[in-house]
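Engineer: Would you mind keeping the following structure in view while I ask a few things?
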Amino acid sequence: LYKYAFNDSLRTKYKEAIIDHWQAERPEKEGAWNIMTALTGTQQFDLEEAVWYLREHPLDMVTWDIMNSHRKDLEFITPNFRMQTTREVLPPDERPVQRHNGNMFRLDKTGNDGGEEYSAGDIWLLPYWMGRYLEVISPPVMETIPN
């Protein structure tokens, strides 16, 4: 809706709503919400967190059984409105694979005999290609390996 707002007043309200929602989602360090915030033209969004999400995201797109609630390296907090139980979100490759509207603070996932097909890759492709389209993410640089 932001891009197609009928007037500047409506566009301003959309921008405020998008940034407000991003502030609520910010602790999750989720790539899509950061890049969607960039769509408004604001310079205040977490590009480094979006790139971190893309780099750390697993490539196999299978929801393997994962148990993190026993880890001694996590700092647990009292659960809040988002069901957040740890101070910092785990990297995407250490937590259950889930969609953008999932709870990124979910620590454990079991069931379905250890693995199931989950995604066609859109949970990674959406923030990557939106970031490329908005030119906030540059194309990969090919490194040359010396002989």
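First residue of the sequence shown: 1198, per our numbering; consecutive thereafter. C-beta atoms are modelled at their ideal positions from N, C-alpha and C, and glycine is treated no differently.
1. Can you find the residues in the same chain that come closer than 8 Å, C-beta to C-beta, to T1283, ignoring five residues on each side of it along the sequence?
2. Examine the Cβ distances between the region 1287-1298 and the region 1244-1259 and report whether three or more of them are shorter than 8 Å.
3. How should N1231 be labelled, buried or exposed, when 16 other C-beta atoms within 10 angstroms of its C-beta is the threshold for buried?
4. So, at 6 Å on beta carbons, what are the nonlocal neighbours of K1212 in its own chain, with the 5 sequence-adjacent residues on each side left out?
5. Roughly how many whole angstroms lie between the Cα atoms of Y1201 and R1208?
6. What's the gap between the Cα of D1205 and the Cα of T1239?
7. DSSP on K1212, reduced to helix/strand/coil?
8. Along the chain, where does the alpha helix (DSSP H) that runs through V1248 open and close?
Structural biologist: The structure says:
1. L1271, E1272, F1273, I1274, F1302 and L1304
2. yes
3. buried
4. T1237
5. 8 Å
6. 15 Å
7. helix
8. L1244 to E1253
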